[in-house]
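Visitor:
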Amino acid sequence: MSFFEKLKNGLGKTKTNINDKINDVFSNFRKVDEELLEELEEILIMSDIGMDTSLEMINRLRDKIKKENIKEVEEVKNALKSIMINVLEVEDKNLKINTKPSVILVIGVNGVGKTTSIGKIANNLKKNNKKVLMAAADTFRAAAVEQLEIWANRVGCEIIKKEEGADPASVVYDSIKQAKEKGTDVLICDTAGRLHNKKYLMDELYKIQKVIDRELPDADKEVLLVIDATTGQNAISQVKAFKEVAPITGLVLTKLDGTAKGGVVIGIVNENKIPVKFIGVGEGIEDMEVFNSQEFVNAIIE
Ligand code: GDP
Ligand code: MG
96 MSFFEKLKNG LGKTKTNIND KINDVFSNFR KVDEELLEEL EEILIMSDIG
146 MDTSLEMINR LRDKIKKENI KEVEEVKNAL KSIMINVLEV EDKNLKINTK
196 PSVILVIGVN GVGKTTSIGK IANNLKKNNK KVLMAAADTF RAAAVEQLEI
246 WANRVGCEII KKEEGADPAS VVYDSIKQAK EKGTDVLICD TAGRLHNKKY
296 LMDELYKIQK VIDRELPDAD KEVLLVIDAT TGQNAISQVK AFKEVAPITG
346 LVLTKLDGTA KGGVVIGIVN ENKIPVKFIG VGEGIEDMEV FNSQEFVNAI
396 IE
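Counting the sequence shown from 1 gives a position; my numbering is that position plus 95.
#1: Check whether the Cβ atoms of Ile380 and Ile283 sit closer than 8 Å, and answer yes or no.
#2: Could you check whether the Cβ of Gln242 sits closer than 7 Å to any heavy atom belonging to the ligand GDP?
#3: Would you call the region 175-182 and the region 249-267 in contact, with 3 or more CB pairs under 8 Å?
#4: With hydrogens ignored, establish whether the beta-carbon of Lys350 is closer than 7 Å to any heavy atom of the ligand GDP.
#5: Check for me: the beta strand (DSSP E) holding Met229 runs from which residue to which?
#6: How would you call Gly399, buried or exposed, if buried means at least 16 neighbouring beta carbons within 10 angstroms?
#7: For Ala247 and Ile254, I'd like the C-alpha separation in whole angstroms.
#8: Within the continuous beta strand (DSSP E) that includes Ile255, where are the two ends?
#9: Using CA coordinates, which residue listed in Ile138, Glu378, Leu348 is at the minimum distance from Asn387?
#10: Indicate the three-state DSSP secondary structure (helix, strand or coil) for Thr349 in the structure shown.
#11: Among Asp128, Leu139, Ile144, whose alpha-carbon lies nearest the alpha-carbon of Ala330?
#12: Taking 7 Å as the cut-off, is the CB of Val207 close to at least one heavy atom of the ligand GDP?
#13: When you compare the CB positions of Ile361 and Ile117, do they come within less than 8 Å of one another, or not?
#14: Taking 8 Å as the threshold (C-beta atoms), are Leu228 and Thr279 in contact?
#15: Could you check where the beta strand (DSSP E) with Asp262 kicks off and where it finishes?
#16: State the Cα-Cα distance for the pair Ile213 and Leu135, rounded to the nearest angstrom.
#17: Ignore the nearest five residues each way along the sequence and tell me which others in Gly358's own chain have a CB closer than 8 Å to its CB.
#18: For Lys159, which three-state DSSP category applies?
#19: How should Pro342 be labelled, buried or exposed, when 16 other C-beta atoms within 10 angstroms of its C-beta is the threshold for buried?
#20: For the putative contact between Lys166 and Val204, defined by C-beta atoms under 8 Å, what is the C-beta separation to the nearest angstrom?
#21: Between which two residues does the beta strand (DSSP E) containing Asp323 stretch?
#22: Looking only at C-alpha atoms, which of Gly288, Ser332, Lys356, Leu346 sits nearest to Thr234?
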């Protein structure tokens, strides 16, 4: 199965949620008028895209219809799709990992899929001939380290770990040392996501970032925030909270398989202007791809 097919299958519920309703509206309308736009607006709002972004997109659609003199109902659908693609296209959408080593710091709430995503991303990088090293800087539970280790074995890359409760920043420090010594291309750091203890999380992430900046001042650094798409609008508040503790350079959207709430990605990107870099559509090692906004929109609206 190609990734696009996987994506389409994975986004099946989101597609049912948006596409079927949109097609219903189009089959009920003969001409392009304000009422049609209102119906579309309602569908967008109901599909977890969020109020502000939905209104903004409909306004852009209204302008486009006027400017391009769109008369056919079917053309409105394509116009809406191109607006969605445009919203999802923000700057710096490609992973910037050109220095040797470069660092990817992975952050996010517990259970969103950080460790799993690290495994999948590492696999993806390895396929592109990158030498990857994992840092088990989620030292909060021993199980978290073991889980990352399983992924490292599966991918076939090395991992730096310490005992449960060790200082996460010291794990990162040791990892950087090894990365320099062994010619690692990309160092990927797992972290704990105790958002309920914000002060602690903030200190922890601050210390980790300080070590990275001190030891690798000229390296390319990505800070990827992992978001669980099934949480819908709650994901938006997670982005807000994490923006305060780290300079996020990209989003990883997980669990798009089996949720009808995939529309939330459009709202998150529009409100924060942070690009989505990867999306996860399953628990398997191959179930993650570099995000492509055109494919995404084509998978949810046909
Ligand atoms: P962490 O606490 O953020 O490190 O999250 P984990 O990586 O441990 O993932 C939590 C659960 O979500 C695990 O059971 C994963 O298999 C599952 N998971 C992660 N990504 C995906 C995904 O894209 N799709 C599905 N269906 N499950 C996922
Ligand atoms: Mg984890």
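From the three backbone atoms N, C-alpha and C, an ideal C-beta is built for every residue, glycine too.
Guide: Reading it off the structure:
#1: The residue you call residue 380 lines up with position 285 of the sequence shown. The residue you call residue 283 lines up with position 188 of the sequence shown. No. Outside cutoff.
#2: Looking up residue 242 in the sequence shown gives position 147. Gln242 Cβ: within cutoff of the ligand GDP.
#3: no
#4: For this step, residue 350 is matched to residue 255 along the sequence shown. Yes, the ligand GDP has a heavy atom inside 7 Å of this Cβ.
#5: As a first step, residue 229 is located in the sequence shown; it is residue number 134 there, counting from the start. Counting along the chain, the beta strand (DSSP E) containing Met229 begins and ends at 227-232.
#6: Nothing can be reported for residue 399, as the shown portion of the chain is limited to 96 through 397.
#7: In the sequence shown, counting from the first residue as 1, residue 247 sits at position 152. In the sequence shown, counting from the first residue as 1, residue 254 sits at position 159. Going by the C-alpha atoms only, they are around 6 Å apart.
#8: Within the sequence shown, the letter at position 160 stands for residue 255. Start and end: 253-255.
#9: On the sequence shown, residue 387 is found 292 positions in, with the first residue counted as 1. Cα-wise, what sits closest to Asn387 is Leu348.
#10: In the sequence shown, residue 349 corresponds to position 254, counting from 1. The answer is strand: DSSP assigns Thr349 an E or B state.
#11: As a first step, residue 330 is located in the sequence shown; it is residue number 235 there, counting from the start. Ala330 has its Cα closest to that of Ile144, out of Asp128, Leu139, Ile144.
#12: Reading the sequence shown from its first residue, position 112 is the one you call residue 207. Within the cutoff, so yes.
#13: Mapped onto the sequence shown, residue 361 falls at position 266. Mapped onto the sequence shown, residue 117 falls at position 22. Not closer than 8 Å, so no.
#14: In the sequence shown, counting from the first residue as 1, residue 279 sits at position 184. In the sequence shown, counting from the first residue as 1, residue 228 sits at position 133. A contact, by the Cβ cut-off of 8 Å.
#15: For the purposes of this step, residue 262 is identified with residue 167 of the sequence shown, where counting begins at 1. Premise fails: Asp262 is in no beta strand (DSSP E) and is neither H nor E.
#16: For this step, residue 213 is matched to residue 118 along the sequence shown. For this step, residue 135 is matched to residue 40 along the sequence shown. Roughly 37 Å separates the two Cα atoms.
#17: As a first step, residue 358 must be located in the sequence shown, where it is residue number 263. Excluding residues within five positions, the ones whose Cβ falls inside 8 Å are Thr109, Asn112, Ile113, Leu139, Ser142, Asp143, Ile144, Ile395.
#18: Counting from 1 along the sequence shown, the entry for residue 159 is found at position 64. Helix.
#19: For the purposes of this step, residue 342 is taken as the residue at position 247 of the sequence shown. Per the 10 Å Cβ criterion, exposed.
#20: Stepping through the sequence shown from its first residue, residue 166 is reached at position 71. Stepping through the sequence shown from its first residue, residue 204 is reached at position 109. Actually they are not in contact, since the Cβ atoms of Lys166 and Val204 sit about 47 Å apart, beyond 8 Å.
#21: Within the sequence shown, numbered from 1, the residue matching residue 323 stands at position 228. Here the beta strand (DSSP E) through Asp323 covers 316-323.
#22: As a working note, residue 234 is residue 139 in the sequence shown. Out of Gly288, Ser332, Lys356, Leu346, Gly288 has the C-alpha closest to the C-alpha of Thr234.
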